[in-house]
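Just add 11 to the spot in the sequence shown (first one is 1) and you have the working numbering. Backbone N, C-alpha and C define an ideal beta-carbon position, used for all residues, glycine too. On a predicted model such as this, the values are computed, not experimentally measured, just so you know. Only one structure is covered here, and it is reproduced in the block below.
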Amino acid sequence: MANCSDFQASNLQISHVPVGIVMSNVDEASITGINFSDTGVAFSVYGSNHIRFANNQLVRSGSWWFSWFAHVSNSVITRNSISPTPYGIGITHGQNITVSENYMSDNIGLYLESSSGILVYHNNFLRPATDYQGGQNRWDNDYPSGGNYWTSFNGVDTCNGPNQDICISGDGIGDTPYVVYFGPDRYPLMKPFAPLVTGSVQFAPTSITSQNSGKYLTAKIGLPQGFNASNLIRSSIRLNETITASSVRLVTQPSATPLLIVTFSMTQVKELFSKPGIYTLQLTANLLTNTNFRPFQATATVSLVSS
Numbered sequence: 012m013a014n015c016s017d018f019q020a021s022n023l024q025i026s027h028v029p030v031g032i033v034m035s036n037v038d039e040a041s042i043t044g045i046n047f048s049d050t051g052v053a054f055s056v057y058g059s060n061h062i063r064f065a066n067n068q069l070v071r072s073g074s075w076w077f078s079w080f081a082h083v084s085n086s087v088i089t090r091n092s093i094s095p096t097p098y099g100i101g102i103t104h105g106q107n108i109t110v111s112e113n114y115m116s117d118n119i120g121l122y123l124e125s126s127s128g129i130l131v132y133h134n135n136f137l138r139p140a141t142d143y144q145g146g147q148n149r150w151d152n153d154y155p156s157g158g159n160y161w162t163s164f165n166g167v168d169t170c171n172g173p174n175q176d177i178c179i180s181g182d183g184i185g186d187t188p189y190v191v192y193f194g195p196d197r198y199p200l201m202k203p204f205a206p207l208v209t210g211s212v213q214f215a216p217t218s219i220t221s222q223n224s225g226k227y228l229t230a231k232i233g234l235p236q237g238f239n240a241s242n243l244i245r246s247s248i249r250l251n252e253t254i255t256a257s258s259v260r261l262v263t264q265p266s267a268t269p270l271l272i273v274t275f276s277m278t279q280v281k282e283l284f285s286k287p288g289i290y291t292l293q294l295t296a297n298l299l300t301n302t303n304f305r306p307f308q309a310t311a312t313v314s315l316v317s318s
């Protein structure tokens with residue numbers, strides 16, 4: 012496929028071929044839900060923009076590269092499962108590419124060369140990655156979102172916070188960076204990454220006046236069945252990604268699951284509003300279960316009314 016735009020390929024089985032899909036000089040393409048197996052190179056793209064490579068399964072390759080992105084920009088590589096091959100994903104001379112939520116069990120799961128603006132986070136690396144002749148690339152999504160899970164990371168988790176220097180409790184993130192060739196993952200995950208968990212939140216008050224509505228906005232967090240409020244990492248709780256919790260309290264109830272009650276500064280909350288109206292607030296956090304590190308998200312609306 013060459014010299015085109017708005018290309019889509021999805022829900023295909025591609026196997027026993029030298030090359031699965033090849034693209035050149037393409038703008039806007041979506042490659043999703045494809046099962047590649049026993050190919051030489053499963054996917055190769057050159058000189059293209061706005062490529063989405065997502066939810067694909069790549070099994071066994073007869074080539075050094077299973078998927079290769081050369082001179083590609085403004086693209087997303089996410090939620091792919093890649094098993095044994097010397098190199099899982101190769102990016103050379105790339106710009107502004109996000110690589111997230113992929114499972115890679117290859118000798119070198121991800122290879123970057125002469126690339127910049129590559130954001131790599133929430134991937135499970137069973138083998139190392141490398142950034143050869145690295146540019147300005149990032150191997151984590153800041154705190155508290157975190158970085159990647161590396162089976163070779165042997166650090167400990169006794170502290171929390173952006174500097175990992177609040178040593179009251181852990182947060183599912185290693186206290187020391189994981190060193191990637193040409194760049195560190197500042198927030199390596201202690202357990203394998205798993206997908207987002209969506210829950211519920213109830214805010215009080217739901218109607219806020221511009222002059223006076225109390226000192227705090229209270230949030231009562233509900234988790235879906237199978238999850239416990241005690242698994243929510245307190246230091247990771249954010250409102251609209253910017254406001255940290257003023258207090259967090261676990262409330263036990265007879266014959267019911269515990270509740271997590273969180274408060275946020277009303278002064279900071281009001282700064283989110285530009286004028287009277289209805290606003291959707293998003294509460295995010297991290298969940299640490301016995302087996303996984305998972306992001307959590309819940310949304311609800313509040314209204315700002317004139318006093």
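Three-state class that DSSP yields for Ala240 in the structure shown: helix
CB of Phe238 within 8 Å of CB of Leu294, strictly: no
For Ala205 and Asn303, believed in contact at Cβ under 8 Å, the rounded distance: With 8 Å as the limit, Asn303 and Ala205 qualify as a contact, their Cβ atoms being about 4 Å apart.
Separation of Leu69 from Asn14, as counted between CA atoms: When the Cα atoms are used, Asn14 and Leu69 turn out to be separated by approximately 26 Å.
Nearest to Gly158 (by Cα), restricted to the options Ile289, Leu271, Asp182: Closest in alpha carbon position to Gly158, among Ile289, Leu271, Asp182, is Asp182.
Which residues DSSP lists as bridging Phe54, in chain order: Ile32, Ser78
Backbone secondary structure at Ile246 - three-state DSSP: What sits at residue 246 in the sequence shown is Ser, not Ile. Three-state DSSP puts Ser246 in a helix.
Boundaries (first-last residue) of the beta strand (DSSP E) holding Lys231: 227-233
Beta-carbon proximity of Pro97 to Ser116, cut-off 8 Å: no
Alpha-carbon to alpha-carbon, Phe54 and Ser26: 12 Å
Option nearest Ile248 by Cα separation, candidates Ser92, Ala296, Val208, Phe77: Ala296
Rounded Cβ spacing between Tyr160 and Leu200 (contact assumed at less than 8 Å): 4 Å
Identity of the residue in Thr162, Pro188, Val33 nearest Asn171 by Cα: The shortest Cα separation from Asn171 among Thr162, Pro188, Val33 belongs to Pro188.
Leu278 - DSSP class collapsed to helix/strand/coil: As written in the sequence, residue 278 is Thr, which differs from the Leu given in the question. Note: Thr278 maps to helix in three-state DSSP.
N-terminal and C-terminal residue of the beta strand (DSSP E) that Thr295 is part of: For Thr295, the enclosing beta strand (DSSP E) starts and ends at 288-299.
Same chain, Cβ closer than 6 Å to Arg197, neighbours up to 5 away in sequence not counted: Asp151, Pro188
Beta bridge counterpart(s) of Gln49 as assigned by DSSP: It should be pointed out that residue 49 corresponds to Asp in this sequence rather than to Gln. DSSP lists no partner for Asp49.
Nearest-angstrom beta carbon gap, Ile232 and Val273 [assumed within contact, 8 Å]: Indeed, because the Cβ distance is near 6 Å, the residues count as touching under 8 Å.
Buried versus exposed call for Pro306 [16 or more other C-beta atoms within 10 Å across all chains shown]: buried
Asn113, buried or exposed, once every other Cβ within 10 Å from all chains shown has been counted against 16: Burial check for Asn113: the Cβ neighbour count within 10 Å reaches 16 or more, so the residue is buried.
Which of helix, strand or coil DSSP assigns to Val83: It is coil, neither helix nor strand.
Length of the line joining the Cα atoms of Ser224 and Ser317: 11 Å
For Gln106, the residue or residues it bridges with in DSSP: For Gln106, which the question treats as bridged, DSSP gives the partners Ser84, Ser127.
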